[in-house]
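Trainee:
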Amino acid sequence: MAQVSIVMGSDSDLPIMAKAADILDQLGITYEMNVISAHREPDEFFEYAKTAEERGIKVIIAGAGKAAHLPGMCAALFPMPVIGIPMKTSDLGGVDSLYSIVQMPTGIPVATVAINGAANAGILAAKILAVSDPELLKRLRAYVNDLKEDVKAKDAKLKEVGYKEYLSSK
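In the working numbering, the protein residues as written are 1112 to 1281.
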């Protein structure tokens, strides 16, 4: 049974939203992924959001661009955490989406990550779940340690080969 639902209003968001799925895969967290539109198919959307809890979902990650209604509508119908990912748009670069998601009315909070910040949304979902899952918390600690070791390895390489060779090897 999935613990996280990753939802987007358009399949054009999939390359970004896949980054959340990649993190959840790395951490061994089950998820479902859906394309559903609060605007174009409101009946299906309402059914999806209202039944998420009974399907075992504990966190929803919702990506949205422009008016960015999807995260807020999920939060209005789903009683547990919703993480919004503002999508970069060609019109306003995603700032419109960011503003829309962070300005939810009182009582309808949506945690928000950076524009196109799906990897951080996956990590935040994992941290939320880790509050009650000691094994997941261990995997998160190992993930953070791997990030630290990666930075150390890059620094050592830079010191060894110098910046010109380092840049040319990228």
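Cβ coordinates follow ideal geometry from the N, Cα and C atoms, glycine included. For clarity, every value in this text was computed on a predicted model and none was experimentally measured.
1) Near V1170, what residues of its chain come up, given a Cβ to Cβ distance below 6 Å and the 5 sequence neighbours on each side ignored?
2) Pick from Y1159, S1211 and P1190: whose alpha carbon is nearest that of H1180?
3) Kindly indicate the opening and closing residues of the alpha helix (DSSP H) around V1272.
4) If you draw a straight line from the alpha carbon of I1117 to that of A1132, how long is it in whole angstroms?
5) Please report the residue range of the alpha helix (DSSP H) in which N1231 lies.
6) Under 8 Å by Cβ, that's how I've got K1177 and S1148 pegged, so tell me the actual separation to the nearest angstrom.
7) Below 6 Å CB to CB, which residues in the same chain sit around A1160 once its five sequence neighbours on both sides are set aside?
8) Report the rounded CA-to-CA distance for D1146 versus L1251, giving the unit in angstroms.
9) Between which two residues does the alpha helix (DSSP H) containing V1213 stretch?
10) Decide if V1224 is buried, meaning its Cβ has at least 16 other Cβ atoms within 10 Å, or exposed.
11) Mark M1119 as exposed unless 16 or more other C-beta atoms lie within 10 angstroms of its C-beta, in which case mark it buried.
12) Can A1227 and G1195 be called in contact, C-beta distance under 8 Å?
13) Which two residues bound the contiguous beta strand (DSSP E) that contains I1168?
Mentor: If we stick to the structure as given:
1) Within its own chain, the residues whose Cβ lies closer than 6 Å to the Cβ of V1170, once the five positions on either side in sequence are excluded, are V1115, P1192, A1236 and I1239, listed in chain order.
2) H1180 has its Cα closest to that of S1211, out of Y1159, S1211 and P1190.
3) In this chain, the alpha helix (DSSP H) harbouring V1272 covers P1245 to S1279.
4) Taking the straight line joining both Cα atoms gives about 8 Å.
5) Membership of N1231 in the alpha helix (DSSP H) is indicated by the continuous run A1229 to A1241.
6) In fact, because the Cβ distance is near 12 Å, the residues do not count as touching under 8 Å.
7) Excluding residues within five positions, the ones whose Cβ falls inside 6 Å are C1185, L1188 and F1189.
8) With the sequence shown as reference, residue 1146 is identified as Val, and Asp is not the correct amino acid for it. Each residue's Cα considered, the two are about 28 Å apart.
9) It spans V1206 to V1213 - the alpha helix (DSSP H) in which V1213 sits, taken as one unbroken run.
10) By the neighbour-count criterion, in which a residue is buried when 16 or more other Cβ atoms sit within 10 angstroms of its Cβ, V1224 is buried.
11) Buried.
12) The residue you asked about is not Ala; residue 1227 is Asn in the sequence shown. Cβ distance not < 8 Å, so N1227 and G1195 don't count as in contact.
13) It is not in any beta strand (DSSP E) - I1168 carries neither H nor E in the DSSP assignment.
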